[in-house]
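Numbering (this note's numbering), first residue to last: 6 to 519.
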């Protein structure tokens, strides 16, 4: 599949360039763990300026000490009572009281082995941002980057850190930190994930309290590398032999960049990945569900129940690549990302939300078209979904129109969206296709079924291409790059959100979908 090989090579060259930037080497020279005296230590990712998870969850602190059985005492100064823990097997772990006051606070940790002090610590929601190069894509590369960075510097209660580029065949107890926690500065913000930071920036205006971001990502990497053994054990094994610059073996990024974070209390996860799995689309449904399930279980267990067992998990559907009009593997991968429902959350994806990105291509991107610069729109769509799904703001509409009924009549099909409650904005007549009885699969070129009419909540398409045969499948935006910027066919006229890719079986004679 030459088209896919070329894409992977371009993605990998981009990731290799990122990996070799001087910032990486500077960032790994030292790790500052607050003010440390003696053998008592916190885990590597606790530092001055950080954000700990606010109440009602309790923030977990953990670390290392020499004296077995010794008592470790910790306190957010001026906020609640001190709490204690015993050193066992050289480690200790404790929970601070639930704190909703944003701070800043000084955190004091003491034992006979020493004394650690963390300064300028805030309490808010902590989000982990992970995936491959579109999550890694930095603020300095987005559209209007200079303006965005200057705006970002004003959000002093959004704090962020990054893990180091590292992989391991065994689990790493204390991860390598690439960028310690920091307030926004021009030098650090321009190198941080654009989707991750812009998400926090847009979200904070609704929350009005601090947000902490942990960036743990690596371009060109498949989902298997981020998955624990418990997840890969239950899904088909896929070998990614073509990856030559980026970690691709199962578990190696889970081991080095995620495993050690499990004990830290978090609110949720953002995930932007899938390009490196688009040649094995059928397996991705199982792989993503298994990874989410295991991340949730292990983060909940290791945080002593403080990271929710069903923490919110948001992801970005695959975007576009180039303006060549082929089907390729991306449409089927987008479908697999939704667990074959077409939308999230669904009955297989509880507390999971998504942002559609297929209509945000950047064919002239200087960072190659697989890396579009329109991360602002991606982040805005994620925030809409998060407000509803992750924060319970049920009045926020976060999904584009989706078919709920198909009616057949002669050589036409009428597709009704959102049970008749949709407010459609039809921007062109192309993108809907049909497969006739016995001719359907997810890779072939189907028959175009142009929109011939539409109402507020439905579209009518020409199905004459099937003649007297039954229309077996209706699919939409089933191309790697289905349209130009914001010019796919079906949108919501109120929110501007696009209808997502769908691949739906048509009931005999028409009727309700699903």
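Glycine is no exception: its CB is placed at the ideal position from the N, C-alpha and C atoms. A quick note: this is a predicted structure, and the numbers were derived from the prediction, not measured.
What number of angstroms, rounded off, separates the C-alpha of residue i from the C-alpha of residue j?
i           : j           : result
residue 415 : residue 477 : 15 Å
residue 512 : residue 460 : 22 Å
residue 515 : residue 443 : 17 Å
residue 24  : residue 170 : Interpretation of residue 24 is limited by its pLDDT of 49, a score under 50 that renders its predicted location unreliable; no figure is taken from the coordinates.
residue 62  : residue 430 : 42 Å
residue 421 : residue 455 : 15 Å
residue 323 : residue 136 : 12 Å
residue 307 : residue 344 : 27 Å
residue 387 : residue 72  : 46 Å
residue 494 : residue 89  : 59 Å
residue 263 : residue 176 : 9 Å
residue 450 : residue 255 : 33 Å
residue 470 : residue 488 : 22 Å
residue 352 : residue 294 : 12 Å
residue 410 : residue 517 : 4 Å
residue 195 : residue 374 : 20 Å
residue 184 : residue 167 : 5 Å
residue 231 : residue 296 : 8 Å
Enumerate in chain order the residues of its own chain whose CB-to-CB distance from residue i is below 8 Å, with the five nearest sequence positions on each side excluded.
i           : result
residue 399 : 393
residue 347 : 340, 407, 505, 506, 507, 508, 509
residue 173 : 257, 260, 261
residue 490 : 364, 365, 366, 367, 379
residue 330 : 484, 486
residue 91  : 74, 75, 76, 77, 97
residue 529 : The displayed coordinates of the chain run from 6 to 519. Any statement about residue 529 would go beyond what the structure contains.
residue 472 : 441
residue 197 : 143, 144, 165, 167, 184, 218, 220
Kindly list the residues whose CB is nearer than 6 Å to the CB of residue i, restricted to its own chain and excluding five residues on each side of it in sequence; keep chain order.
i           : result
residue 537 : Only positions 6 to 519 of the chain appear in this structure, which leaves residue 537 out of reach.
residue 245 : 227, 253
residue 214 : 107, 129
residue 434 : 455, 456
residue 466 : 418, 437, 454, 456
residue 241 : 288
residue 114 : 79, 121
residue 116 : 45, 70, 75, 77
residue 48  : 67, 68, 179
residue 447 : 337
residue 112 : 81, 123, 126
residue 283 : 334, 335, 338
Quick check on the burial criterion: 16 or more other C-beta atoms within 10 angstroms. Buried or exposed for residue i?
i           : result
residue 290 : buried
residue 105 : exposed
residue 303 : buried
residue 156 : exposed
residue 503 : buried
residue 83  : exposed
residue 499 : exposed
residue 210 : exposed
residue 342 : buried
residue 285 : buried
residue 362 : buried
Skipping 5 residues on each side, what residues in its chain have a beta carbon closer than 7 Å to that of residue i?
i           : result
residue 191 : 154, 158
residue 463 : 419, 420, 421, 422
residue 208 : 216, 388, 391
residue 160 : 189, 206, 209
Within the continuous alpha helix (DSSP H) that includes residue i, where are the two ends?
i           : result
residue 301 : 286 to 307
residue 493 : Careful: residue 493 lies outside any alpha helix (DSSP H) and carries neither H nor E.
residue 159 : From DSSP, residue 159 is part of no alpha helix (DSSP H); its letter is neither H nor E.
residue 231 : 228 to 231
residue 147 : Residue 147 -> no alpha helix (DSSP H), and no H or E assigned at all.
residue 340 : 335 to 342
residue 201 : 199 to 212
By the DSSP assignment, the beta strand (DSSP E) with residue i in it spans what residues?
i           : result
residue 3   : No information on residue 3 is available, as it lies outside the stretch 6 to 519 that the chain covers here.
residue 480 : 476 to 481
residue 45  : First-last for residue 45: undefined, no H or E at that position.
residue 66  : 65 to 69
residue 359 : 357 to 360
residue 409 : 408 to 414
residue 180 : Unbroken run through residue 180: none, as it is neither H nor E.
residue 380 : Element bounds for residue 380: not the beta strand (DSSP E) but the alpha helix (DSSP H), 380 to 394.
residue 138 : Not the beta strand (DSSP E): residue 138 falls in the alpha helix (DSSP H), residues 138 to 141.
residue 418 : 417 to 422
residue 218 : 216 to 222
Let me see if you follow: with CB-CB separation under 7 Å, is residue i close to chain C or not?
i           : result
residue 245 : Among the chains in the structure shown there is no chain C, since it carries only a single protein chain.
For this session: Please confirm if the region 86 to 102 is in contact with the region 57 to 66, defined as three or more CB-CB distances below 8 Å between the two stretches.
Result: yes
Exercise. So does the region 149 to 157 actually touch the region 335 to 344, counting three or more Cβ pairs closer than 8 Å?
Worked result: The way I'd put it, the region 149 to 157 doesn't touch the region 335 to 344; fewer than three beta-carbon pairs between them come closer than 8 Å.
Exercise. For the region 432 to 450 against the region 465 to 484, are there 3 or more C-beta pairs whose distance is under 8 Å?
Worked result: yes
Exercise. Is the number of C-beta pairs between the region 136 to 148 and the region 377 to 391 that are closer than 8 Å three or more?
Worked result: yes
Exercise. If we count Cβ pairs, one from each stretch, closer than 8 Å, do we get three or more for the region 229 to 240 versus the region 179 to 198?
Worked result: no
For this session: Tell me, please, whether the region 114 to 126 touches the region 43 to 57 by the rule of three or more beta-carbon pairs shorter than 8 Å.
Result: yes
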